[in-house]
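Accompanying notes for the structure given below.
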Amino acid sequence: MNIINIRDLKVFYRTHKGKLRAIDGVKFSLNKGESVGMVGESGCGKTTLALSILKLLPPRGYIEDGNIFYKGEDLVQKSEREMRKIRGNEISIVFQGAMNSLNPVKTIGEQISEGLLLHTNMSKVEAFDKAKESLISVGISPDKLIEYPHEFSGGMKQRVMIASALVCDPQLLIADEPVTALDVMVQAQILELLNRLKQEKKLSLLLITHDLSVVAETCDKIVVVYGGKILEYANIEDSLLHPYSKELFRSFPNINGPRILSKGILGTPPNLINPSRGCRFEPRCNQSLKICVKEEPRLIEVCDQHFVACHRLKTSGA
Amino acid sequence: MVKIEIKNLKVWFPVRTSFLKSLYSKKHQYSHAVDGVSFKIKEEEIFCLAGESGCGKTTLAKAMIRLIKPTSGTVRYSGVDLLSIGKNEFRSYRRKLQIIYQDPYSSLNPKKNVFNTIAEPLKVHNFIKNFSEGKDIITQILEEVELTPAESFFGKYPHELSGGQRQRVSIASSLVLNPDFIVADEPVSMLDSSVRTEVLYMMLRLKKKRKLTYLFITHDLSLAWLISDRIAIMYLGKIVEMGPTDEVVSNPQHPYTKALISVIPRPTSGVKHKKIILKGNPPDSMNIPAGCRFHPRCFEAKDICKRAEPSIVKFNKNHYVACHLLSQKRKP
Ligand SMILES: Nc1ncnc2c1ncn2[C@@H]1O[C@H](COP(=O)(O)OP(=O)(O)OP(=O)(O)O)[C@@H](O)[C@H]1O
Ligand SMILES: Nc1ncnc2c1ncn2[C@@H]1O[C@H](COP(=O)(O)OP(=O)(O)O)[C@@H](O)[C@H]1O
Ligand code: SF4
Ligand code: SF4
Ligand SMILES: [Mg+2]
Ligand SMILES: [Mg+2]
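Going line by line, the protein sequences match chains A and B. Okay, so the first sequence: first residue is 1181 according to the working numbering, each after it adds one. Okay, so the second sequence: first residue is 394 according to the working numbering, each after it adds one.
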């Protein structure tokens, strides 16, 4: 059963140079209890997709077309009032660099229980108790409830953000770069925490990151995004097939592999205001064909539950 | 040839205590950021310093190039005792020792364009008399860091550059005085993965071309493994393990190193390796535990670890470790 089902979504930003096509025809679904990792270079549209699901786009951004079905209901059609009941309650998000957005003059306990007071009829005392439970579940001692954020390290603040995202027992957690810029050991602690919550609470997870290794260790499936498009969608055990995904994979240090520093993927990300007609990766692809300049490859299933958008891979499944 | 050598280097920061505390204790409190570190870096070597946030990496590196005054110890650069020479004499060494900072967003002045950012050190060190004189030098250095055509970058301000381009500009301004020892303090940790590899690749190319010696600071051990010749693992102001990178990564001896290596995320799923996730808070340099400073978080701690501090001993050729387990192992 899918919990999120996105159909042909287009999300644009109005800029002085014209419409910027941040999400340009995205189709994918996430099953209940599943964790999907979304990877791609900076600027490819990951955060925009997350914001679209919660309808929290900045003023210049808007959903141009498509549907976002959550448990069968289209979020695109929902009013702001209806969305408020969903945000933090059914679908929660932990933002990129969120740990810096804690309110310095409110205690940790007050901040975690805020969501409950908004979404439930709980009394302050009940909400505080629930906040305590949530804080314990992310591995922080309950006596910290009455402390202020400045007494916390970066890793602890990030856990507090996760605790407040989870306090209303949401069905889906969206985490946008939750461990980027954190220390290795803290990163390991947070990833372990996410893995545990996934199992204990049957939480569905959309994990957004540019770090492929983080996805490999935490998720069931992987989505590779490039220039506002999905290029590949696969089970985490499958070998990636798209030329871009392969390059991305090669540019990650792997201490179990050879000790060679890759050159990275040469070239620059695509222009999203005037995108090319053909495959968006074509200017950087070393395997391109004639057709790649003219025609955009569609995302097709090359083998069981493994989707790729590349002209070279059309027939390999047959 | 040894490029730089430090011996028993210490950096203690006095910590302001509350007025109340100062009434009943006359003793100054110190943050023992760097607490007795010794090592040598050979010419044209890439020496990596790794460890958790707050363990003292940046402080150590800054003390090595006299950006911070060490509390005690010695630093020898090409044989010269850098800490005993006067300010004026040090000036001639200053330009030979440069640092590249972690965050290209805050290390560049937002009000200065690329040209003036790079011309600044040239002027300070009297390489050029006025900004326009530096044009050739600046064009050349921008080409070296692959910002081409160079002239198109002259007038750009930091906010008009991507993260990778900013880091290239700060690398250019560190290299423009032709230094030979570079401290690179987490130079790529704020960059996106593919930009990261490009910048690293370029740094290695520059190292070869200019015969640079690097002290590379990172908490990312997979990155350290990829590029460095030797590695030192730091914990609460001390080196706990040091040796050839390959050897330390494939055969770690100190429990802390073992934990750090076990948590390196790997891009291949499937083979699940056992992770040693350390509990407890990151270490605090104001309250250094007695005995082995790692013992409260160590999963192999013995009784002796609470009482005696292990000294760093040779485990293998060029491979050093500070842990009691090792001295016990070696006894028959
Ligand atoms: N100017 C200062 N005054 C007092 N304490 C300081 C000062 N600078 C650093 N410290 C302390 O010294 C210790 C080491 O800090 P340092 O910045 O060297 O760590 P680091 O290993 O570089 O960490 P990171 O990975 O976060 O950059 C920390 O406990 C820090 O709080
Ligand atoms: N508020 C905004 N106004 C205009 N353009 C934006 C805005 N936010 C993001 N963009 C553009 O949309 C694209 C996708 O951005 P984003 O979703 O933040 O990518 P990611 O999270 O993958 O790094 C980028 O080209 C970015 O510059
Ligand atoms: S469609 Fe063509 S250009 Fe695009 S990734 Fe495949 S081979 Fe390369
Ligand atoms: S000396 Fe003892 S506490 Fe310290 S690392 Fe070795 S075993 Fe652990
Ligand atoms: Mg983002
Ligand atoms: Mg530092």
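All C-beta atoms in this analysis are idealised placements derived from N, C-alpha and C, irrespective of residue type, glycine included. Note that the structure is a prediction, hence the values are computed from the model and not measured.
* Give the straight-line distance between the Cα atoms of Y1242 of chain A and N1375 of chain A, rounded to the nearest whole angstrom. => For the purposes of this step, residue 1242 of chain A is identified with residue 62 of the first sequence, where counting begins at 1. For the purposes of this step, residue 1375 of chain A is identified with residue 195 of the first sequence, where counting begins at 1. Computed Cα separation, rounded: 33 Å.
* To do: Note down, in chain order, each residue of its chain lying with its Cβ closer than 6 Å to the Cβ of E1481 of chain A, except the 5 sequence neighbours on either side.
  => As a working mapping, residue 1481 of chain A is identified with position 301 in the first sequence. F1487.
* **Inter-residue spacing [alpha-carbon to alpha-carbon] between E591 of chain B and N709 of chain B** => Taking the first residue of the second sequence as position 1, residue 591 of chain B is located at position 198. Taking the first residue of the second sequence as position 1, residue 709 of chain B is located at position 316. Straight-line Cα distance between these residues: approximately 35 Å.
* For the segment 1270–1351 of chain A, which segments carrying the beta strand (DSSP E) assignment without a break, of at least 3 residues, lie completely within its bounds, in sequence order? -> Counting only unbroken stretches of 3 or more residues, the beta strand (DSSP E) elements lying wholly within the segment 1270–1351 of chain A are 1271–1274, in sequence order.
* To do: Return the residue from the list A:H1390, A:E1476 and A:I1316 that minimises the CA-CA distance to S586 of chain B.
  => Position 193 of the second sequence, counting from 1, holds the residue named residue 586 of chain B. Among A:H1390, A:E1476 and A:I1316, the Cα nearest to that of S586 of chain B is on A:H1390.
* Asked: Who sits around ligand 3, taking every residue whose Cβ is closer than 5 Å to one of its heavy atoms?
  -> Residues with a Cβ closer than 5 Å to any heavy atom of ligand 3, in chain order: A:P1423, A:C1459, A:F1461, A:E1462, A:C1465, A:Q1467, A:S1468, A:C1472, A:P1477, A:C1490, A:H1491 and A:R1492.
* **Alpha-carbon to alpha-carbon, I575 of chain B and T1227 of chain A** => Here residue 1227 of chain A refers to the residue found at position 47 of the first sequence. Here residue 575 of chain B refers to the residue found at position 182 of the second sequence. Roughly 36 Å between the two C-alpha positions.
* To do: Reducing DSSP to helix, strand and coil, say where N709 of chain B ends up.
  => Counting from one through the second sequence, the residue named residue 709 of chain B turns up at place 316. Three-state result, N709 of chain B: strand.
* Members of the segment 585–618 of chain B that neighbour chain A once the beta carbon cut-off is set at 8 Å -> Correct list: D585, S586, S587, V588, R589, T590, E591, L593, Y594, L597, H612, D613, L614, S615, L616 and W618.
* Is there contact here, the segment 1183–1202 of chain A with the segment 1235–1252 of chain A, by at least three beta-carbon pairs under 8 Å? -> Yes, the segment 1183–1202 of chain A is in contact with the segment 1235–1252 of chain A.
* **Residues near R409 of chain B in its chain [Cβ-Cβ closer than 6 Å; skip 5 each side]** => Here residue 409 of chain B refers to the residue found at position 16 when the second sequence is read from its first residue. Sequence-distant Cβ neighbours of R409 of chain B in its own chain, meaning closer than 6 Å and more than five residues away, do not exist here.
* **chain A contact residues for T336 of chain B, given Cβ-Cβ distances below 7 Å** => With chain B represented from 394 up to 725, any question about residue 336 of chain B goes unanswered, as that position is not in the structure.
* If you measure beta-carbon to beta-carbon, which residues of the segment 1362–1379 of chain A are closer than 9 Å to chain B? -> Result list: L1362, D1363, V1364, M1365, V1366, Q1367, A1368, Q1369, L1371 and E1372.
* To do: List the residues of chain A that L653 of chain B touches, going by C-beta distances under 9 Å, in chain order.
  => In the second sequence, counting from the first residue as 1, residue 653 of chain B sits at position 260. Ordered by position in chain A, the residues that pass the 9 Å Cβ test against L653 of chain B are V1364 and M1365.
* Around ligand 4, Cβ to any heavy atom closer than 5 Å, ordered along the chain -> Residues lining ligand 4 by the Cβ criterion, that is a Cβ closer than 5 Å to any of its heavy atoms, are B:P648, B:C685, B:F687, B:H688, B:C691, B:E693, B:A694, B:C698, B:P703, B:C716, B:H717 and B:L718 in chain order.
* May I ask you to report which of helix, strand or coil DSSP gives V1473 of chain A? => In the first sequence, the residue the question calls residue 1473 of chain A occupies position 293. DSSP places V1473 of chain A in the helix class (H, G or I) of the three-state scheme.
* **Which of helix, strand or coil DSSP assigns to M1218 of chain A** => Stepping through the first sequence from its first residue, residue 1218 of chain A is reached at position 38. Here M1218 of chain A carries a strand assignment [DSSP, helix/strand/coil].
* Asked: Can you find a heavy atom of ligand 6 that lies under 7 Å from the Cβ of K450 of chain B?
  -> Locating residue 450 of chain B in the second sequence gives position 57, counting from the first residue. Within the cutoff, so yes.
* Taking a cut of 9 Å between CB atoms, which residues from the segment 444–478 of chain B lie near chain A? -> Listed in sequence order: E445, S446 and G447.
* Is T1195 of chain A near ligand 5, in the sense that its beta carbon is under 7 Å from a heavy atom of that ligand? -> For this step, residue 1195 of chain A is matched to residue 15 along the first sequence. Relative to ligand 5, T1195 of chain A has its C-beta separated by 7 Å or more from all heavy atoms.
* To do: List the residues of chain B that I1445 of chain A touches, going by C-beta distances under 9 Å, in chain order.
  => On the first sequence, residue 1445 of chain A is found 265 positions in, with the first residue counted as 1. S587, T590 and E591, listed in chain order.
* Taking all protein chains shown into account, do 16 or more other C-beta atoms lie within 10 angstroms of the C-beta of M627 of chain B, making it buried, or fewer, making it exposed? -> On the second sequence, residue 627 of chain B is found 234 positions in, with the first residue counted as 1. With at least 16 other beta carbons inside 10 angstroms of its own, M627 of chain B counts as buried.
* Nearest-angstrom beta carbon gap, R659 of chain B and I1435 of chain A [assumed within contact, 8 Å] -> Walking along the first sequence from the start, residue 1435 of chain A turns up at place 255. Walking along the second sequence from the start, residue 659 of chain B turns up at place 266. Sure, about 7 Å apart at Cβ, within 8 Å.
* When you compare only the Cα positions, how much space is there between R1187 of chain A and H1330 of chain A? -> Here the question's residue 1187 of chain A lines up with position 7 in the first sequence. Here the question's residue 1330 of chain A lines up with position 150 in the first sequence. Between the alpha carbons of R1187 of chain A and H1330 of chain A lies a gap of roughly 42 Å.
* **Length of the line joining the Cα atoms of P676 of chain B and I1292 of chain A** => One-based indexing of the second sequence puts residue 676 of chain B at position 283. One-based indexing of the first sequence puts residue 1292 of chain A at position 112. It is roughly 26 Å from the alpha-carbon of P676 of chain B to the alpha-carbon of I1292 of chain A.
* To do: State the beta-bridge partners of D1254 of chain A as determined by DSSP.
  => In the first sequence, the residue the question calls residue 1254 of chain A occupies position 74. A:F1249, per the DSSP bridge assignment.
* **For H552 of chain B, three-class secondary structure by DSSP** => As a position in the second sequence, residue 552 of chain B is number 159, starting the count at 1. In the three-state scheme derived from DSSP, where H, G and I count as helix and E and B as strand, H552 of chain B is classed as helix.
* Asked: Does the segment 1418–1430 of chain A come within contact of the segment 1397–1409 of chain A, defined as at least 3 CB pairs closer than 8 Å?
  -> Yes: the two stretches touch, three or more of their Cβ pairs being nearer than 8 Å.
* Spatial neighbours of D718 of chain B in its chain, beta-carbon cut-off 7 Å, leaving aside the 5 residues before and after -> Position 325 of the second sequence, counted from the start, is the residue given in the question as residue 718 of chain B. The sequence given here has Leu at residue 718 of chain B, not Asp. E693.
* Asked: Which chain A residues sit within Cβ distance under 8 Å of V642 of chain B?
  -> As a working note, residue 642 of chain B is residue 249 in the second sequence. Going along chain A in sequence order, the residues near V642 of chain B (Cβ under 8 Å) are I1435.
* Distance between V1340 of chain A and Y1328 of chain A (C-alpha atoms, nearest Å) -> Mapped onto the first sequence, residue 1328 of chain A falls at position 148. Mapped onto the first sequence, residue 1340 of chain A falls at position 160. Within the model, the alpha-carbon separation for Y1328 of chain A versus V1340 of chain A is close to 11 Å.
* To do: Measure the C-alpha to C-alpha separation of K724 of chain B and K707 of chain B and round it to an integer number of angstroms.
  => The residue you call residue 724 of chain B lines up with position 331 of the second sequence. The residue you call residue 707 of chain B lines up with position 314 of the second sequence. Since pLDDT at K724 of chain B reaches only 48, below the 50 mark, its modelled position is unreliable, and the value read off the structure follows with that caveat. Cα atoms of K724 of chain B and K707 of chain B: separation of roughly 14 Å, rounded to the nearest angstrom.
* Just confirm the distance between the C-beta atoms of I399 of chain B and V473 of chain B, as a whole number of angstroms; I'd bet it's less than 8 Å. => By 1-based counting over the second sequence, the position of residue 399 of chain B is 6. By 1-based counting over the second sequence, the position of residue 473 of chain B is 80. In this structure I399 of chain B does not touch V473 of chain B by the C-beta definition: roughly 13 Å separates them, more than the 8 Å allowed.
* **C-alpha distance - R487 of chain B paired with M1365 of chain A, whole-angstrom precision** => Indexing the second sequence from 1 puts residue 487 of chain B at position 94. Indexing the first sequence from 1 puts residue 1365 of chain A at position 185. Going from the Cα of R487 of chain B to the Cα of M1365 of chain A covers about 35 Å.
* Asked: Where does Y1424 of chain A sit, in a helix, a strand or coil, going by DSSP?
  -> Along the first sequence, read from residue 1 onward, the residue named residue 1424 of chain A stands at position 244. DSSP places Y1424 of chain A in the helix class (H, G or I) of the three-state scheme.
* Secondary structure of T467 of chain B, DSSP reduced to three states -> The residue you call residue 467 of chain B lines up with position 74 of the second sequence. Assignment of T467 of chain B by DSSP, reduced to helix, strand and coil, places it in the strand class.
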